[in-house]
Amino acid sequence: MGKLYTLDNKLLVGSPEVRIGDKMYPVDDRTSTVKKMTALKEKDNSDEEILKLAFGNAAYSEIKAMDMPFKAHLELIKLAVAAMTGEDEEEIDARFQEETESK
């Protein structure tokens, strides 16, 4: 008999969330959304589109209206990407550093 691999239900239900202040924002971590985000990362000025994909248009508008400091905005993008891909923040930080150095 061959090996049996099982996909745990914990991976199939619920979505990650990012907290900004006292409010929680769910992040869309579906495969189709992550693929769109990956394609966007190849283009310039993709930050806003990544946030729209991650949070949806309504939450994105609310977040944009906060007019947060740029450093916080960059951190939010990293958190959203980490939540969407399931990677650790450290992995995202390392990738952002590599992309910045290669430009």
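Numbering (this note's numbering), first residue to last: 1 to 103. The beta carbon of each residue, even a glycine, is placed where N, CA and C say it ideally should be.
query: The stretch 16-24 in contact with the stretch 62-80 per 3-pair CB rule at 8 angstroms; result: yes
query: Rounded separation between His73 and Gly2 - CA only; result: 48 angstroms
query: Ala82 versus Glu101 - alpha carbon distance; result: 20 angstroms
query: Residue environment, Val13, which counts as buried when at least 16 other CB atoms sit within 10 Å; result: exposed
query: 8 angstroms Cβ cutoff met for Asp28 and Ser46; result: no
query: Nonlocal neighbours in the same chain, by C-beta distance under 7 angstroms from Asn9, ignoring five residues either side; result: none
query: Member of Leu53, Ser32 and Met37 whose CA lies at the smallest distance from the CA of Pro26; result: Leu53
query: Cβ-Cβ distance between Lys71 and Phe96 below 8 angstroms; result: no
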